[in-house]
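In our numbering, the protein residues as written are 80 to 356.
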């Protein structure tokens, strides 16, 4: 990366955080480090990401991206919503994870779907543009089972009323018994590494031409989530914002550093929360 995305605050973080991370990753190192890379050709043709030289390294943690069918049914490889910002955002973000944390992180992403049992091998899953997903009943049940068994889902880059309704149509199949709630600034996920009381709407690259931090009618950012019966956050919802674009374009001088830095800090907090709670 050509731009610093903020300095690490690990020197002031209590040792118990690192102890918890270490415990959480002891099992992870044995499982995730042995999984073979699964991905697809680059889809962001105007902002490509080369395959890193150390892509085959066995590590403790990897960025897992959810491959999902569209709400009109079926998978599409080109121009499919789940591929947005792929793979540049994933590979550039994990460079920040490597720099800002002590996680032994793989340099390439892992594409995972809900049609088999592969999802259970990855403790943290990222889904983009979920305002266009359409989970079948069995896929929704699989996602629920994954989350009930300790998994964590972060959703990002969907905007406005219509995309929220599409998102909720599938999420309601996953959680017919649990509501989406607004996350208060006091929630642990906003303080596990970085204190994120001062959050702002993180815009996509469209901000450079439009001057607007929002898209469609999604004027206000929504930090939402779903908790399990033990009070653990299992789904983190970033609505009316575009962290994926901020990761992807963090090395582009015209994209504002304040948004890129915040996007990295949010992602780091979500990962460490998922691995320690």
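Glycine residues also receive a C-beta, built at the ideal position from the N, C-alpha and C atoms.
At least 8 Å separates the beta-carbon of residue 164 from that of residue 297. Counting C-beta atoms within 10 angstroms of its own C-beta, residue 166 has 16 or more neighbours from the protein chains shown and is therefore classed as buried. For residue 353, the uninterrupted alpha helix (DSSP H) segment begins and ends at 336-355.
In the three-state DSSP reduction, residue 326 falls in the helix class (H, G or I). Sequence-distant Cβ neighbours of residue 161 in its own chain, meaning closer than 8 Å and more than five residues away, are 144, 145, 146, 147, 206, 207, 208 and 212.
The alpha-carbon of residue 316 is positioned some 29 Å away from that of residue 129. Under the 10 Å beta carbon count, residue 277 is surrounded by fewer than 16 other beta carbons and is classified as exposed. Here residue 201 is not near residue 350, since their CB atoms are 8 Å or more apart. In terms of Cβ geometry, residue 338 and residue 300 do not form a close pair [threshold 8 Å].
Residue 230 and residue 327 have their C-alpha atoms some 25 Å from each other. With a 10 Å radius around the Cβ and a threshold of 16 neighbouring Cβ atoms, residue 169 comes out buried. Bounds of the beta strand (DSSP E) holding residue 234 are 231-235.
Residue pairing by DSSP puts residue 301 in a beta bridge opposite 318. Put simply, of 256, 245, 196 and 304 the residue whose alpha carbon is nearest the alpha carbon of residue 217 is 196.
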